[in-house]
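The block underneath contains the structure these notes are about, expressed in structure tokens.
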Amino acid sequence: MRIAILGSAAGGGFPQWNCNCRNCHSLRAGSFCGKGRTQTQVAVSNDGRAWFLLNASPDLRLQIERTPELQPRSGVRDSPIAGVLLTSADIDQIAGLLSLRELQPFRIYSSPSLQRILREDNSVFGMLNRVPQQASWMEIALEGTFPLLTMAGDPSGICCEVFSLGNKYPKYVSAERAATLKAEEALLGVMVTASSGGRLAYLPAVPAIDDRLLQLLETADLVLFDGTFWSDDELIQVQGSGATAREMGHVPLSGSDASLQALAGLRRPRKVFVHVNNTNPMLDESSPEYRQVGTAGWEVAEDGWSFNL
Ligand SMILES: [Zn+2]
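Per my numbering, the very first residue in the sequence shown carries number 317; after that it's consecutive.
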């Protein structure tokens, strides 16, 4: 299975349009020791022909243009993208669907609750179903595995298993609406298994880490994990106010009960942070934080990286 990292930053990207933090400022000034990044986007393919997007980032159009494997191959209208698997209704995980509205058939795999938010509450996504044979919405359940299908409806060789990571819907979903949805479908992680047996655990947003999650991650060959914030009060330090990382649904990397410590026991998988916020000091490759992550056996994903499992 080929795994392509098309984007590796958190919502807003790096640099973020309205951000003048130390990282964003010095990246724009050309003095930053590190790389810019588009918003997190991963694509997987078992055979190099049918590709599946894990979520759909606001930067998707640019990311497809940077990735020849995802571009049309024959005919006037064509795409190797056979499907999109959604793990949450966050804007930076779904906005890219609107860049796929040009009447191209593909499948959208999501929980029933997520599908209701997109199709019943947000009429703009109706553009994905203007004609028959456009987007096919596939409901996925929290138990059991399901195959990702090629456009012809054949198994692609990739099977997925989704699991609940949290119960908070994005802020644009009202409390009244959320009460009509299943709380456990608000935020999912996904285990993606290739025909080779290789396993990718994809978790771009993780509010907390427990033993059950640790055991699951130990069965993976590659873990792409929430690297949004270095410290719990990172945004408050930069902006002078705001929410903590944990309040925003992201376990930070540093501190007690944080991800570097909680995941230190993982032995089997290769460990890579994705969804890195532009304020995170580990983006600076000359920083002690970047060195600390490397010493702990982690890598910080960059746009354009790929893996084979
Ligand atoms: Zn910034």
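Built from N, CA and C at the ideal position, the CB exists for glycine as well.
The structure presented is a predicted model; accordingly, all values stated were derived computationally and were not measured.
Span of the beta strand (DSSP E), counted from its first residue to its last, around residue i
i	result
G505	503 to 509
Q320	Sequence inspection shows Ala at residue 320; the Gln mentioned does not correspond to that position. Counting along the chain, the beta strand (DSSP E) containing A320 begins and ends at 318 to 323.
C476	471 to 482
S452	451 to 455
L465	462 to 465
R423	422 to 426
L370	367 to 370
Other residues of its chain near residue i: CB distance less than 7 Å, five sequence neighbours each side excluded
i	result
A612	L576, A580
W546	P568, L569, S570, N596, P597, M598, E605
S602	C349
C337	V554, N594, T595
R365	P396
T466	A366, A398, S472
Q387	I380
Residue interval of the alpha helix (DSSP H) (run including residue i)
i	result
I410	407 to 410
N593	Counting along the chain, N593 falls outside any alpha helix (DSSP H), and DSSP gives it neither H nor E.
N339	338 to 345
L386	Per DSSP, L386 belongs to no alpha helix (DSSP H) and is neither H nor E.
Same chain, Cβ closer than 6 Å to residue i, five either side skipped, listed in chain order
i	result
T509	C475, R515
V400	L369, A372, I424
E501	S427, S429
T461	C475, E477
Assigned secondary structure, residue i (DSSP; H/G/I helix, E/B strand, else coil)
i	result
G399	strand
A359	strand
S622	strand
S429	helix
R575	In the sequence on display, residue 575 carries Ser and not Arg. S575: helix per DSSP, three-state reduction.
G442	helix
L298	What is shown of the chain runs 317 to 625, which leaves residue 298 out entirely.
E605	helix
L582	coil
E626	This structure cannot speak to residue 626, because the chain is shown only from 317 to 625.
R393	coil
L413	helix
Any non-hydrogen atom of ligand 2 within 7 Å of residue i CB
i	result
N596	Although ligand 2 was asked about, the structure shown includes only ligand 1 as ligands.
Contact set for residue i: own chain, Cβ-Cβ below 8 Å, skip 5 residues either direction
i	result
D437	V489, R493
S622	R318, I319, A320, I321
E534	L582, R583, R584, P585
Beta-bridge pairing of residue i - partner residues as DSSP gives them
i	result
W614	K587
R353	F330
S404	L503
Segments of 3+ residues assigned as beta strand (DSSP E) that fall wholly inside the segment 485 to 573: Runs found: 503 to 509, 515 to 519, 538 to 542.
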